[in-house]
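One structure is given here, and the rest of the page talks about it.
There are 2 protein chains.
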Amino acid sequence: MKPTLQAVADAVGVSRSTVSNAYSRPDQLSASLRGRILDAARQLGYPGPNPTARSLRRGFVGSIGVLFTSHLSYAFTDPFAVRFLAGVGEAAERHGTSLLLVPLPPAVTDARRAVENAAVDGFCVYCVADEEWALDVIRQRGLPFVSTAARDDADPDERYVGIDERAAAHSAAAHVAGLGHRRVALLADSVLPGAPAGPLTVAGVEQIPHPTTRGRLAGFADAFAEVGVGWADLTLVNAPGNSRQAAAEAVAGLFDGPAPPTAVLAGSDVLALGVLDALAVRPAGARPPISVTGFDDVAEAAAAGLTTVRQPAEEKGRIAAELLLDPPANPAAGHVLLPTALVVRDSTGPVPRS
Amino acid sequence: MKPTLQAVADAVGVSRSTVSNAYSRPDQLSASLRGRILDAARQLGYPGPNPTARSLRRGFVGSIGVLFTSHLSYAFTDPFAVRFLAGVGEAAERHGTSLLLVPLPPAVTDARRAVENAAVDGFCVYCVADEEWALDVIRQRGLPFVSTAARDDADPDERYVGIDERAAAHSAAAHVAGLGHRRVALLADSVLPGAPAGPLTVAGVEQIPHPTTRGRLAGFADAFAEVGVGWADLTLVNAPGNSRQAAAEAVAGLFDGPAPPTAVLAGSDVLALGVLDALAVRPAGARPPISVTGFDDVAEAAAAGLTTVRQPAEEKGRIAAELLLDPPANPAAGHVLLPTALVVRDSTGPVPRS
DNA sequence: GCTAGTCTCTGTATCGATTCAGACTGGATC
DNA sequence: GATCCAGTCTGAATCGATACAGAGACTAGC
Numbered sequence: 001m002k003p004t005l006q007a008v009a010d011a012v013g014v015s016r017s018t019v020s021n022a023y024s025r026p027d028q029l030s031a032s033l034r035g036r037i038l039d040a041a042r043q044l045g046y047p048g049p050n051p052t053a054r055s056l057r058r059g060f061v062g063s064i065g066v067l068f069t070s071h072l073s074y075a076f077t078d079p080f081a082v083r084f085l086a087g088v089g090e091a092a093e094r095h096g097t098s099l100l101l102v103p104l105p106p107a108v109t110d111a112r113r114a115v116e117n118a119a120v121d122g123f124c125v126y127c128v129a130d131e132e133w134a135l136d137v138i139r140q141r142g143l144p145f146v147s148t149a150a151r152d153d154a155d156p157d158e159r160y161v162g163i164d165e166r167a168a169a170h171s172a173a174a175h176v177a178g179l180g181h182r183r184v185a186l187l188a189d190s191v192l193p194g195a196p197a198g199p200l201t202v203a204g205v206e207q208i209p210h211p212t213t214r215g216r217l218a219g220f221a222d223a224f225a226e227v228g229v230g231w232a233d234l235t236l237v238n239a240p241g242n243s244r245q246a247a248a249e250a251v252a253g254l255f256d257g258p259a260p261p262t263a264v265l266a267g268s269d270v271l272a273l274g275v276l277d278a279l280a281v282r283p284a285g286a287r288p289p290i291s292v293t294g295f296d297d298v299a300e301a302a303a304a305g306l307t308t309v310r311q312p313a314e315e316k317g318r319i320a321a322e323l324l325l326d327p328p329a330n331p332a333a334g335h336v337l338l339p340t341a342l343v344v345r346d347s348t349g350p351v352p353r354s
Numbered sequence: 001m002k003p004t005l006q007a008v009a010d011a012v013g014v015s016r017s018t019v020s021n022a023y024s025r026p027d028q029l030s031a032s033l034r035g036r037i038l039d040a041a042r043q044l045g046y047p048g049p050n051p052t053a054r055s056l057r058r059g060f061v062g063s064i065g066v067l068f069t070s071h072l073s074y075a076f077t078d079p080f081a082v083r084f085l086a087g088v089g090e091a092a093e094r095h096g097t098s099l100l101l102v103p104l105p106p107a108v109t110d111a112r113r114a115v116e117n118a119a120v121d122g123f124c125v126y127c128v129a130d131e132e133w134a135l136d137v138i139r140q141r142g143l144p145f146v147s148t149a150a151r152d153d154a155d156p157d158e159r160y161v162g163i164d165e166r167a168a169a170h171s172a173a174a175h176v177a178g179l180g181h182r183r184v185a186l187l188a189d190s191v192l193p194g195a196p197a198g199p200l201t202v203a204g205v206e207q208i209p210h211p212t213t214r215g216r217l218a219g220f221a222d223a224f225a226e227v228g229v230g231w232a233d234l235t236l237v238n239a240p241g242n243s244r245q246a247a248a249e250a251v252a253g254l255f256d257g258p259a260p261p262t263a264v265l266a267g268s269d270v271l272a273l274g275v276l277d278a279l280a281v282r283p284a285g286a287r288p289p290i291s292v293t294g295f296d297d298v299a300e301a302a303a304a305g306l307t308t309v310r311q312p313a314e315e316k317g318r319i320a321a322e323l324l325l326d327p328p329a330n331p332a333a334g335h336v337l338l339p340t341a342l343v344v345r346d347s348t349g350p351v352p353r354s
């Protein structure tokens with residue numbers, strides 16, 4: 001049995017309060033007594049106040065949760081998520097706060113329980129799927145949170161840091177449309193929850209539940225609507241899992257039909273790279289010159305020459321954590337939109353003459 | 001004020017224990033009463049048992065700490081560390097355990113405090129610097145831990161998962177020595193704590209405090225000793241921080257002397273890539289054909305054609321967490337050595353004739 | 001010499017739950 | 001009709017600390 005604070009108090013012959021003060025409020029007792037207490041503690045092998053008991057009494061924990069509303073592994077698979085996490089970590093470091101990564105079990109009931117049981121002072125919710133249930137739990141717990149997507153139904157004093165998804169996506173699609181592409185596929189993760197990999201039909205973009213995906217697809221659609229290509233004329237492809245492999249599988253066979261798309265607009269760089277993978281495995285002769293765009297501008301995108309939309313990753317994480325740990329007095333300042341930029345590289349080009 | 005368990009008990013007219021059981025031991029009360037309790041809780045907005053109070057009473061927390069004995073950002077800067085973390089996350093996910101990333105303040109006193117205050121059931125200690133003090137704190141707290149380096153003074157039932165650093169490093173150095181290189185620089189992070197970037201002199205390899213660095217440098221030295229190049233003839237270069245940039249800065253000017261090294265053996269891929277960066281900025285004419293090796297085999301290494309030593313990253317993390325969360329009955333099974341392999345690519349070649 | 005004020009330190013209440021021995025009920029068993 | 005048992009529920013003790021009002025000693029000021 002580890003000694004408790006009481007044991008140290010007994011050993012020195014002072015009250016529990018005094019020992020507590022020796023650790024947490026050194027100005028409340030004389031330096032000499034404090035020295036004696038700390039010595040005695042060392043001798044007894046007392047490791048300092050129990051963090052859990054301390055948290056209970058103090059009413060805060062000193063750590064914030066980071067929620068990837070998806071398999072936790074996702075967080076480490078997507079380089080953008082890693083950079084986001086790095087930003088969160090940087091801010092947390094500055095505030096002396098720890099980061100709790102909470103893995104979510106597949107079943108929603110269990111996942112709710114996991115969020116309920118997380119010992120944290122607040123959450124950064126990285127939106128990768130439909131996270132309403134998670135936000136519900138967090139609200140019910142009365143904990144502050146910051147999400148990475150603006151939601152229409154958001155309370156005005158709910159904080160978020162995001163980008164103008166629709167406008168950003170529009171910039172990429174307008175570039176592709178400007179190159180003359182008219183037969184285009186849109187590739188995204190979690191178009192519809194539970195949908196299998198591959199092409200699928202959705203009546204309208206507003207049917208798509210996940211706000212980020214919806215925003216990006218809407219932006220793509222906007223740009224093509226401007227050149228006379230309607231939603232129904234776009235090929236929508238689902239790649240569940242947001243991995244290169246998932247994307248490669250999702251677009252397998254996409255280019256073999258009679259009038260294949262000449263461009264693929266992906267909802268993330270990881271997916272776009274997967275498309276390039278799928279094309280690269282074809283023999284050079286049978287490799288159609290497909291234009292591909294990504295989203296995020298991760299490190300690999302530059303190496304692969306991928307045209308993409310850049311958004312500041314570390315900054316997004318840093319600001320999210322900062323909004324959480326040091327809330328702005330003015331609620332309007334709790335809504336941050338970061339700038340994005342279209343980065344044109346080699347993966348996009350004019351439509352080949354057929 | 002959020003309602004407490006007591007409030008729910010009062011509302012339903014049962015005892016606190018019963019409400020507690022409704023959440024934690026459903027078999028201890030009738031289904032109907034449990035339903036009433038859960039309903040009442042929902043109505044009152046009770047978010048379920050307070051995790052901190054629960055942890056205090058139960059005596060465990062349900063999360064494990066991951067300690068990068070260095071700036072937390074490090075963890076996200078080094079792709080190897082990220083993959084390690086992914087492995088830890090995977091195992092944690094399987095066990096329903098959360099991951100606490102604890103940032104360590106620069107001052108040791110504060111850092112000790114941070115480890116003392118972490119509410120966790122155990123630690124995975126990823127060794128990047130001298131972490132003795134951290135292990136001390138953990139031992140004092142009586143918490144289990146797994147480290148990623150075998151230490152000579154380790155208690156036989158202290159668990160670790162690592163590689164044979166010395167043998168692995170030897171394989172890379174033997175390859176380089178076999179190519180004829182004799183004037184060689186060894187580049188490592190934290191050769192001596194607090195040492196500045198650049199060449200430095202250390203009397204012997206055993207002087208190097210950090211076990212991983214020491215092991216790798218010893219392995220390098222072994223291979224050169226076999227071809228008659230002694231420790232004193234090797235150029236030791238320090239790159240504090242283990243980043244590409246740190247490495248590039250550390251080797252700046254290294255190749256401009258009268259008898260510059262013809263090869264650089266780096267203690268990690270990140271450092272090796274930094275050396276390649278430093279060489280790449282030189283005008284092609286003034287770029288000496290330096291052989292460079294790394295360590296870890298991160299994704300970028302393949303793209304850069306870096307000769308390196310591969311070690312299984314995710315597996316290391318997975319096993320570390322597994323050893324922590326599900327300790328083997330037999331203490332000998334708590335010591336895991338993973339295989340490594342030399343991966344020869346384009347960054348190494350024969351010594352140019354001068 | 002008396003009041004005020006400053007330093008130290010103490011005692012009690014409290015944070016929000018879980019645990020476990022035992023009380024009670026109703027039905028089955030002999 | 002007494003005994004046993006399983007199924008439910010309760011109450012007191014407990015986890016390990018912190019907060020806060022206040023007690024006592026001591027110095028300063030008038």
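Quick note, the sequences are listed as chains C and E, same order. Position 64 of the first sequence, counting from 1, maps to 64 under this note's numbering, and the rest follow consecutively. Position 343 of the second sequence, counting from 1, maps to 343 under this note's numbering, and the rest follow consecutively. Built from N, CA and C at the ideal position, the CB exists for glycine as well.
- Approximately 24 Å separates the beta-carbon atoms of Thr52 (chain E) and Ala134 (chain E); this is outside 8 Å, ruling out the contact.
- Ile163 (chain C) is bridged by DSSP to C:Leu338.
- Around the beta carbon of Arg353 (chain C), fewer than 16 other beta carbons sit within 10 angstroms, so the residue counts as exposed.
- Cβ neighbours of Ala250 (chain C) within its own chain (closer than 7 Å, five residues either side excluded): Leu187, Ala197, Gly198, Val237, Asn238, Ala239.
- Using a 10 angstroms sphere on the CB of Glu226 (chain E), the tally of other CB atoms stays under 16, which defines it as exposed.
- Any Cβ of chain C closer than 7 Å to the Cβ of Pro51 (chain E) would place that residue at the interface, and such an atom is present.
- Distance from the Cα of Asn117 (chain C) is smallest, within the candidate group E:Val351, E:Thr97, E:Gly267, E:Pro144, for E:Thr97.
- Each residue's CA atom was taken as its position, placing Ala280 (chain C) and Gly267 (chain C) some 20 Å apart.
- Taking each of E:Arg282, E:Pro260, E:Phe295, E:Thr262 in turn and checking the Cα distance to Leu273 (chain E), the smallest one comes out for E:Phe295.
- DSSP lists C:Ala185 as the bridge partner or partners of Thr235 (chain C).
- Per DSSP, Tyr46 (chain C) is not a residue of any beta strand (DSSP E), being assigned neither H nor E.
- Under the 10 Å beta carbon count, Gln311 (chain C) is surrounded by 16 or more other beta carbons and is classified as buried.
- Judged by DSSP secondary structure, Thr52 (chain C) falls within the alpha helix (DSSP H) whose first and last residues are 51 to 58.
- Apart from the 5 residues on each side of it in sequence, Pro331 (chain E) sits with its Cβ closer than 7 Å to the Cβ of Pro156, Asp157 in its chain, given in chain order.
- For a Cβ distance threshold of 8 Å, residue set Val82, Arg83, Leu85, Ala86, Gly89 of chain C lies close to Phe76 (chain E), ordered along the chain.
- Of the candidates C:Val275, C:Val120, C:Gly228, C:Asp256, the residue whose Cα lies closest to the Cα of Ala247 (chain C) is C:Val275.
- Residues of chain E with a Cβ closer than 8 Å to the Cβ of Gly45 (chain C) are, in chain order, Gln140.
- Under the DSSP definition of a beta bridge, Asp296 (chain C) partners with C:Arg310.
- Rounded to whole angstroms, the Cβ separation of Leu342 (chain C) and Ala172 (chain C) is 6 Å, and the two are in contact under 8 Å.
- Here Ala11 (chain C) really is in contact with Leu44 (chain C); their C-beta atoms are around 6 Å apart, less than 8 Å.
- With 16 or more other CB atoms across the displayed protein chains lying within 10 angstroms of its CB, Asp269 (chain C) is buried.
- Between the C-alpha atoms of Ala232 (chain E) and Leu265 (chain E) there is a straight-line separation of about 16 Å.
- In this structure, the straight-line span from the alpha carbon of Lys316 (chain E) to that of Pro258 (chain E) is close to 43 Å.
- With a threshold of 16 other beta carbon atoms within 10 Å, Ser147 (chain E) meets it and is buried.
- When the alpha-carbon of Arg25 (chain C) is set against those of C:Pro3, C:Thr4, C:Pro261, C:Pro49, the nearest one is in C:Pro49.
- The beta-carbon of Lys2 (chain E) is placed less than 7 Å from the nearest beta-carbon of chain C.
- For Val161 (chain E), the closest Cβ of chain C is not nearer than 7 Å.
- Neighbours of Val351 (chain E) in chain C, taken as residues at a C-beta separation under 9 Å, are lacking, since the least C-beta distance is about 30 Å.
- Nearest CB-CB separation between Glu131 (chain C) and chain E: not below the 7 Å threshold.
- Legend: CB atoms of the region 305 to 322 of chain C lying less than 8 Å from CB atoms of chain E are not found in any residue.
- A contact between stretches requires three or more CB pairs, one per stretch, nearer than 8 Å, and the region 110 to 124 of chain E meets this requirement with the region 319 to 331 of chain E.
- Non-local beta-carbon contacts of Ala195 (chain E) in its own chain, meaning distances under 6 Å to residues more than five positions away in sequence, involve Asn238 in chain order.
- Counting along the chain, Gly198 (chain E) sits inside the beta strand (DSSP E) bounded by residues 198 to 200.
- Cα atoms of Gly305 (chain E) and Pro79 (chain C): separation of roughly 21 Å, rounded to the nearest angstrom.
- Looking at the backbone, the Cα of Ser17 (chain E) and that of Asp39 (chain E) are separated by about 17 Å.
- Only residues of its own chain outside the window of five on either side were considered, and among them Val102, Pro103, Leu104, Pro105 have a CB closer than 8 Å to the CB of Ala114 (chain E), listed in chain order.
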